[in-house]
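Asker:
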Amino acid sequence: MGVESSCDETGIGFVRDGVLLGESLASSIDEHVRFGGVVPEIAARAHVQAMVPTMRTALDDAGLAWHEVGAVAVTAGPGLATALHVGVAAAKAAALALGVPLYGVHHLAGHAAADTLVHGPLPERSIVLIVSGGHTSLLAVDDLVRTPIRHLSDTLDDAAGEAFDKVARLLGLPYPGGPSIDRCAREGDPTAIRFTRPLMGQRDPALGFSFSGLKSAVARYVAAPRDPGVSVADIAASFQECVADTVVTKALRACRAEGVDTLVIVGGVAANSRIRAMAEERCSAAGVELRIPPMRLCTDNGAMIAAIGDLLVREGARPSSSSIGARSSVPLELARIGE
Ligand code: KG4
Ligand code: ZN
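See below:
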């Protein structure tokens, strides 16, 4: 059983031998819309209310009974501390009551593992681009649960999803900004404004990411539009094009630099239609195999945490101690967290 509660989604999933048996997801997103972002205390209270019912519906969906659950994995970090605590407490209670091992896992390793549920085990070496609300990283991954993960780059400031959310706000589009911009951009012209691609100069770090300057560039454009004929949809499409171009270019550079021919794109922003299309086009031209999970597995869910738990169980990994706590910021080195 995988338990996810790092942000505003309460997710429970069941995975056995790499196969997703069933899952359930409850979201408190509607309660955050009027604040324009996730309010941690509201998210935590919603997790408390949703946790047990979501476990029940996921069990039903998987056609499982409690006594058939062999191990519990839970997102121990990173994420909102109050929200993480709810999942960790619930997972500990379940593991203790069932007498099964508990595994604290890293949320971002979960995002990467989501892909294995649809495309099978990762190859010996892959480049993983994580683009989520809190992270934008390029990772060199060998074995997801056995070998330490190498960070080729992490964003210097805002994450890609954060940029989508902030720009949506600037454009008056509803939270969460990613899906709003994606939808709005369909009516716009992606070539209307050529926003400067961040960190793409000769002297910039070849794999580096930075999105706060792009957000400011959009803010400046909105404050003083140069062309009155440019619509909100045009700005959304031009911004989205800039992010897609940047992340796909850098991800392919990482593949070349590392001599790796598989690119995996995961995290909430991997649901973006333009990023998916552009990555497909350019990977196919570069002879790189592209793996992106279906949209519902890109955003936070319990199945991805169960997927990592299942890999750890099959690997014979040592369970985490029952004193494991929530770690709101923890770097991704190993999929398993805690002593
Ligand atoms: O991975 P995720 O569900 O949560 C974190 O772990 O952060 O990612 C959430 C982020 C949000 O910033 C949201 O705006 C973005 O993913 N997102 C998208 C799309 N769907 C979700 N960004 C761009 N296009 C989308 N279609
Ligand atoms: Zn996430």
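Quick note: the sequence shown uses this note's numbering, first residue 793, plus one each step. Glycine included, every Cβ here is placed at the ideal spot set by N, Cα and C. Predicted model only: the values in this text are computed from it and were never measured.
#1: Distance, Cα to Cα, A1109 vs V840?
#2: The ligand ZN heavy atoms versus the CB of H903: any closer than 7 Å?
#3: How is A818 classed by DSSP in three states: helix, strand or coil?
#4: Would you mind stating whether T874 and P845 have Cβ atoms separated by less than 8 Å?
#5: Identify the residues that DSSP records as bridge partners of A1011: which are they?
#6: Figure out for me which residue from C976, R1045, E1107 has the closest Cα to the Cα of G1079.
#7: Compare the C-alpha of D946 against each of L936, V937, V923 and name the closest.
#8: Confirm, please, whether the CB-CB distance from A854 to G912 is below 8 Å.
#9: For R1066, name the three-state secondary structure that DSSP assigns.
#10: Give a yes or no on contact between the segment 1050-1063 and the segment 1075-1093, applying the rule of three or more CB pairs nearer than 8 Å.
#11: Helix, strand or coil for L965, going by three-state DSSP, please let me know.
#12: Regarding D974 and the ligand ZN, is the C-beta to nearest heavy atom distance less than 7 Å?
#13: From Q1032 to C1075, what does the alpha carbon distance come to, in whole angstroms?
#14: For F827, is the classification buried or exposed, using 16 other Cβ atoms within 10 angstroms of its Cβ as the cut-off for buried?
#15: Looking only at C-alpha atoms, which of V1040, T983, A842 sits nearest to A1029?
#16: Measuring from each Cβ to the nearest heavy atom of the ligand ZN, keep the ones under 5 Å and list them in chain order.
#17: Scan the segment 976-1041 and note each continuous alpha helix (DSSP H) run of 4 residues or more that stays entirely inside, going in chain order.
#18: The alpha helix (DSSP H) that contains E833, what's its start and end?
#19: Assign A1016 to buried or exposed, taking buried as 16 or more other Cβ atoms, counted over all protein chains shown, within 10 Å of its Cβ.
#20: Can you list, in chain order, the residues of its chain with a C-beta nearer than 7 Å to that of F956? Leave out the 5 residues immediately preceding and following it.
#21: So is P1111 buried or exposed if we call it buried at 16+ other beta carbons inside 10 Å?
#22: Between L991 and G1000, how many whole angstroms is the CB-CB distance? I'm expecting something under 8 Å.
#23: So, helix, strand or coil for S945, using DSSP?
#24: Report the option in E1107, S1120, C1034, V920 whose CA atom is closest to the CA atom of I985.
#25: Does the distance from the C-beta atom of I1129 to that of H877 stay below 8 Å?
#26: Three or more C-beta pairs under 8 Å: does that hold for the segment 859-872 against the segment 798-806?
#27: With H, G and I counted as helix, E and B as strand and the rest as coil, what does DSSP make of H927?
Answerer: Taking the structure as given:
#1: Working through the sequence shown from its first residue, we reach residue 1109 at position 317. Working through the sequence shown from its first residue, we reach residue 840 at position 48. Approximately 29 Å, taken between the alpha carbons.
#2: Counting from one through the sequence shown, the residue named residue 903 turns up at place 111. For the ligand ZN, at least one heavy atom lies less than 7 Å from the Cβ of H903.
#3: As a first step, residue 818 must be located in the sequence shown, where it is residue number 26. Three-state DSSP puts A818 in a strand.
#4: Position 82 of the sequence shown, counted from the first residue, corresponds to residue 874. Position 53 of the sequence shown, counted from the first residue, corresponds to residue 845. Cβ distance not < 8 Å, so T874 and P845 don't count as in contact.
#5: Numbered from its first residue, the sequence shown carries residue 1011 at position 219. Answer is none; A1011 lacks a bridge partner.
#6: The sequence position of residue 1079 within the sequence shown is 287, counting from 1. For the options C976, R1045, E1107, the alpha carbon positioned closest to that of G1079 is the one of R1045.
#7: Taking the sequence shown and counting its residues from 1, one reaches residue 946 at position 154. Among L936, V937, V923, the Cα nearest to that of D946 is on V923.
#8: Taking the first residue of the sequence shown as 1, we reach residue 912 at position 120. Taking the first residue of the sequence shown as 1, we reach residue 854 at position 62. No.
#9: For the purposes of this step, residue 1066 is taken as residue 274 along the sequence shown, with counting starting at 1. If DSSP states are grouped into helix, strand and coil, R1066 belongs with the helices.
#10: Counting Cβ pairs under 8 Å, three or more are found: they touch.
#11: In the sequence shown, counting from the first residue as 1, residue 965 sits at position 173. Shown here, L965 sits in coil according to DSSP, grouped into three states, outside any helix or strand.
#12: Looking up residue 974 in the sequence shown gives position 182. Taking 7 Å as the cut-off, the C-beta of D974 does not count as close to any heavy atom of the ligand ZN.
#13: As a first step, residue 1032 must be located in the sequence shown, where it is residue number 240. As a first step, residue 1075 must be located in the sequence shown, where it is residue number 283. So the two alpha carbons sit approximately 19 Å from each other.
#14: Reading the sequence shown from its first residue, position 35 is the one you call residue 827. Around the C-beta of F827, fewer than 16 other C-beta atoms lie within 10 Å, and the residue is accordingly described as exposed.
#15: Looking up residue 1029 in the sequence shown gives position 237. Out of V1040, T983, A842, T983 has the C-alpha closest to the C-alpha of A1029.
#16: Those residues, listed in chain order, are S924, D1092.
#17: Qualifying alpha helix (DSSP H) stretches, in chain order: 1004-1015.
#18: Position 41 of the sequence shown, counted from the start, is the residue given in the question as residue 833. Secondary structure note for E833: its alpha helix (DSSP H) is the uninterrupted segment 832-854.
#19: The residue labelled residue 1016 in the question sits at position 224 within the sequence shown. With fewer than 16 other Cβ atoms within 10 Å, it is exposed.
#20: Here residue 956 corresponds to residue number 164 of the sequence shown, with the count starting at 1. Excluding residues within five positions, the ones whose Cβ falls inside 7 Å are G969, G970, I973, V1061.
#21: Counted from its first residue, the sequence shown places residue 1111 at position 319. The residue in question, P1111, is buried, as its Cβ has 16 or more Cβ neighbours within 10 Å.
#22: By 1-based counting over the sequence shown, the position of residue 991 is 199. By 1-based counting over the sequence shown, the position of residue 1000 is 208. Contact holds; Cβ gap of about 4 Å.
#23: Start at 1 with the first residue of the sequence shown, and residue 945 comes out as number 153. Reduced to three states, the DSSP call for S945 is strand.
#24: Taking the sequence shown and counting its residues from 1, one reaches residue 985 at position 193. Measuring C-alpha to C-alpha distances from I985 to each of E1107, S1120, C1034, V920 identifies C1034 as the nearest.
#25: Here residue 1129 is taken as the residue at index 337 of the sequence shown, counted from 1. Here residue 877 is taken as the residue at index 85 of the sequence shown, counted from 1. H877 is positioned such that its CB atom lies no closer than 8 Å to that of I1129.
#26: Contact between the segment 859-872 and the segment 798-806 is present, because at least three Cβ pairs lie under 8 Å.
#27: One-based indexing of the sequence shown puts residue 927 at position 135. Looking at H927 - three-state DSSP - the assignment turns out to be coil, as it is neither helix nor strand.
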